[in-house]
Every structure is written in structure tokens, then in C-alpha cells.
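Heads up, the thing below is written out as C-alpha cells.
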Amino acid sequence: NRPAVRALLAERGIHIPADSWFVGAEHNTCDEQITFYDLDDLPTEAKKALATLQRELDQACALSAHERCRRLASAPRHPTPAQALRHIVGRARDFSQARPELGHATNAAALVGRRSMSHGLFLDRRAFLISYDPTPDPDGTVLEGVLLAVGPVGAGINLEYYFSTVNNDRLGCGTKLPHNVTGLFAVMEGASSDLRTGLPRQMIEIHEPLRLQIVVEARTEVLAAIYGRQPPLQELVGNGWVHLIAKDPDSGEFSIFDPARGFVLWTSPIQPLSVCARSGDWYRGHADPLPPALIGGSDHV
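Shown next, in the form of C-alpha cells:
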């Protein structure tokens, strides 16, 4: 918002309209509350637009709470969005609640590409969405930096859930009910156990232990070159800790990466997805993971 900063950006070809104003905000994904910052500096002419945005975000948070409630055993079965939001807020503030939220449970994929890859696609809250446009990045310079962040972070989250699920007593930390925080860096059971690592049972009860499937919108030769010069990606992908698929930005063809053969074109038939007018129509009455679906008949995917 500072004029000096905008002037420097303009020198680099980034022109911000004079009537645009940036507002920082934080989304608490446990209770679905959004906190805005530095509103005292907001120009009067921008307050109406912010009020409209706040109303739309409130509606989105209520719908998000409604979608989350279907997986919570103690949540109301058929709530309205407003009722679902009240339940989510209540359990987030309840110190006796062993499952205030489910975190990244059921995570299974990461999509790296343009919004058109996932626009209108119901992914059941199971995919990390990473924005990347291959158009101005023909040699993959930007993509290389993205993958060096997405790979280790996504794999770290996914594998923490994976190992905590396949053996929660040894690789997870068991039930959280008798845990005591120790040294502000770990937990113990009671006052005399070993330090416990991994995730508690309450966070992985609904998780399916799957290796992360990373789908990247890029040409195979670009991805292969990045893979060839980056040992961290070779360790993750080459050893099968994560799986990699390339989606060609022009043809839309998919190629699966095989450490022994490189990228192999996907030739099996692709089944059409079910179509629903609203996401609630697809997940209503279901608590278990659902397959993807197109919402509103979107033709962007």
C-alpha cells in the first residue's frame, strides 16, 4: 500500500491500480474464523468492498464447516450451514474435545498448476493446491523452486500421517488422552514414559495411508531436467516416497514417472466424472472418502 513500494513495482512492470488496497487476513482452519489486520488504515472508499468480501467469506466459512461436519462423529447429521459453523466453533473452544479438528487427515494428492486444473472439481478436501503457471516459465526455473518446497513439505505432511496410521503405537504417539507436554517440544504418557513422536490416534482414525500423488502441469522434459539435477527430489520420487505425474500444458496428456524408465504416457481410458449442481449434493449422507466429481457441470477440468 505504500506509494514508494508501488513506484518500485511499477519500475519492474507491475502496475497496481490507485484504487486497489491490500488487506492482510488470517484464516483459522479449526474454527473457520477469519481475522483481518490493519483495518484502521483502510481508506473510506474501500470499506464497502471489504464489507461485501466479509459477507461472502462468512458464507464460505459456513459452507466449509458444513462440509467438515460430515466426518465428525459427534456433529449434527444434517445441519444447516449456520448450525454446522456453530458446532465447529464450539468444538474448537472445548478443552475436553479430543478431536477439535481433523487436520490433514485423508490427504492424498498435490496439484501444481493453473486454477483450471481444479476449477469446478470436488476433491473431498484431500488435495493440496499449489498455484503455478507454466506459460511464462518455459525452462521450469520457477517450477524448480516450487517443487523444492512442495516436495519436502507435502511429503513430510503425508508421510507423517502415513506412518502414524500404519503403526500408531510405534510410529505415532497413541491416544492423546494421557499426554503431557514435555519441554515444549514433545509429549509423554503421564509422567514416566518415553517421548512420543508422530501423530495421536485421534488425528489419524479416518486417514487412508497413501503415498502423496503429485500432479504437475508441465512438460515431461522440463520435469525430467529438474529431477536430474535435484537430489532432494531424486530421494523423494526415486525412492517412491511420493508419486509424480506430469500433465502436458498444451495437450492435457498425463505421463506417470517411473524411476527406471522416466515418464510413461498414460494410455488407459479416463472415466468420466459424476456431475452435481452443488458439492453438498455429492457428499450429503456420506462420511467416508468420496471420488472426485464435477460441480456445476464445469468444463474447465
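Just so we're on the same page, our numbering is the position in the sequence shown counted from 1, plus 5.
By construction, the Cβ of each residue, glycine as well, lies at the ideal position given by its N, Cα and C atoms.
- Compare the Cα-Cα distances from Ser4 to each of Ala65, Ala115, Arg104 and Leu176 and report the closest residue. Here the chain comprises residues numbered 6 to 306, so residue 4 is not present and cannot be evaluated.
- Please specify which runs of the beta strand (DSSP E), each continuous and at least 3 residues long, are wholly inside the region 179 to 261, giving them in chain order. 184 to 187, 191 to 194, 217 to 222 and 247 to 252
- Message: Check for me: the alpha helix (DSSP H) holding Val171 runs from which residue to which?
- Response: For the purposes of this step, residue 171 is identified with residue 166 of the sequence shown, where counting begins at 1. Run containing Val171: Thr146 to Val171, per the alpha helix (DSSP H) assignment.
- Task: Drop a sphere of 10 angstroms on the beta-carbon of Gly257, count the other beta-carbons inside from all chains shown, and report buried for 16 or more, exposed for fewer.
- Result: Counting from 1 along the sequence shown, the entry for residue 257 is found at position 252. By the neighbour-count rule (16 or more Cβ atoms within 10 Å), Gly257 is not buried but exposed.
- Pairwise C-alpha distance: His248 and Ala298: Position 293 of the sequence shown, counted from the first residue, corresponds to residue 298. Position 243 of the sequence shown, counted from the first residue, corresponds to residue 248. The straight-line gap from Cα to Cα measures roughly 22 Å.
- Message: Considering just the uninterrupted stretch of the alpha helix (DSSP H) at Ser69, what are its terminal residues?
- Response: For the purposes of this step, residue 69 is taken as residue 64 along the sequence shown, with counting starting at 1. From DSSP, the alpha helix (DSSP H) with Ser69 extends over Lys52 to Cys74.
- In three-state terms, what does DSSP make of Gly267? Position 262 of the sequence shown, counted from the first residue, corresponds to residue 267. Here Gly267 sits in strand by DSSP.
- Message: Less than 8 Å between C-beta atoms, sequence neighbours within five positions excluded: which residues of the same chain meet that for Leu176?
- Response: As a position in the sequence shown, residue 176 is number 171, starting the count at 1. Answer for Leu176: Phe168, Ser169, Thr202 and Gly203, listed in chain order.
- Query: Can the beta-carbon of Cys35 be found closer than 9 Å to that of Ala78?
  - Reply: Here the question's residue 35 lines up with position 30 in the sequence shown. Here the question's residue 78 lines up with position 73 in the sequence shown. No, Cβ-Cβ distance for Cys35 and Ala78 is not below 9 Å.
- Item | Cα-Cα separation between Leu200 and Val186, rounded to whole angstroms | Position 195 of the sequence shown, counted from the start, is the residue given in the question as residue 200. Position 181 of the sequence shown, counted from the start, is the residue given in the question as residue 186. Distance between the alpha carbons of Leu200 and Val186: 10 Å.
- Item | Straight-line gap, Leu164 to Val220 (C-alpha atoms, nearest Å) | For the purposes of this step, residue 164 is taken as the residue at position 159 of the sequence shown. For the purposes of this step, residue 220 is taken as the residue at position 215 of the sequence shown. Looking at the two C-alpha atoms, the distance is approximately 17 Å.
- Task: List the residues that DSSP assigns as beta-bridge partners of Ile93.
- Result: Locating residue 93 in the sequence shown gives position 88, where the first residue counts as 1. BP columns for Ile93 are empty, so no partner.
- Message: Suppose the cutoff is 6 Å on Cβ atoms and the five residues either side in sequence are ignored; what does the same chain contact list for Ala56 look like?
- Response: Locating residue 56 in the sequence shown gives position 51, counting from the first residue. If we look at Ala56 and ignore the five residues flanking it on each side, it has no Cβ neighbours.
- Could you give the C-beta distance for Ala113 and Leu215, rounded to a whole number, given that I count them as a contact under 8 Å? For the purposes of this step, residue 113 is taken as residue 108 along the sequence shown, with counting starting at 1. For the purposes of this step, residue 215 is taken as residue 210 along the sequence shown, with counting starting at 1. So it is a contact: roughly 5 Å between Cβ atoms.
- Task: Out of Gln218, Cys178 and His124, point me to the one whose CA is closest to Val155's CA.
- Result: Along the sequence shown, one-based indexing puts residue 155 at 150. Val155 has its Cα closest to that of Gln218, out of Gln218, Cys178 and His124.
- For Ile300 and Gly125, believed in contact at Cβ under 8 Å, the rounded distance: For the purposes of this step, residue 125 is taken as the residue at position 120 of the sequence shown. For the purposes of this step, residue 300 is taken as the residue at position 295 of the sequence shown. The pair is a contact, with the Cβ atoms about 5 Å apart (cut-off 8 Å).
- With C-beta atoms as the reference, is Arg104 less than 9 Å away from Gln207? Here residue 104 refers to the residue found at position 99 when the sequence shown is read from its first residue. Here residue 207 refers to the residue found at position 202 when the sequence shown is read from its first residue. Contact flag set, yes.
- Message: Can you check which of these residues, Arg131, Pro139, Arg130 and Ala110, is closest to Arg120 by C-alpha distance?
- Response: Position 115 of the sequence shown, counted from the start, is the residue given in the question as residue 120. Of Arg131, Pro139, Arg130 and Ala110, the residue nearest in Cα terms is Pro139.
- Message: According to DSSP, simplified to helix, strand and coil, what is Gly285?
- Response: Position 280 of the sequence shown, counted from the first residue, corresponds to residue 285. In this structure, Gly285 counts as helix in the three-state DSSP scheme.
- Task: Just the C-alpha distance for Leu153 and Pro237, rounded to the nearest angstrom, thanks.
- Result: Within the sequence shown, residue 153 is the residue found at index 148, counting from 1. Within the sequence shown, residue 237 is the residue found at index 232, counting from 1. If I take the Cα positions, the gap works out to 7 Å.
- Would you mind reading off the limits of the alpha helix (DSSP H) that contains Glu16? Position 11 of the sequence shown, counted from the first residue, corresponds to residue 16. Start and end: Pro8 to Glu16.
- Task: Determine the closest residue to Thr146 out of Ala12, Ala115, Phe127 and Ala223, with distance taken between C-alpha atoms.
- Result: In the sequence shown, the residue the question calls residue 146 occupies position 141. The candidate whose alpha carbon is nearest that of Thr146 is Ala223.
- Round the Cβ separation of Arg131 and Thr111 to the nearest angstrom and send it over; I've been treating them as touching at under 8 Å. The residue given as residue 131 occupies position 126 in the sequence shown. The residue given as residue 111 occupies position 106 in the sequence shown. Between Thr111 and Arg131 the Cβ distance is about 5 Å, and since that is below 8 Å, they are a contact.
- Item | Buried versus exposed, by CB contacts within 10 Å (16 or more), Ile209 | Taking the first residue of the sequence shown as position 1, residue 209 is located at position 204. Label assigned to Ile209: buried.
- Could you check where the beta strand (DSSP E) with Ala115 kicks off and where it finishes? Here residue 115 refers to the residue found at position 110 of the sequence shown. Run containing Ala115: Ala114 to Gly118, per the beta strand (DSSP E) assignment.
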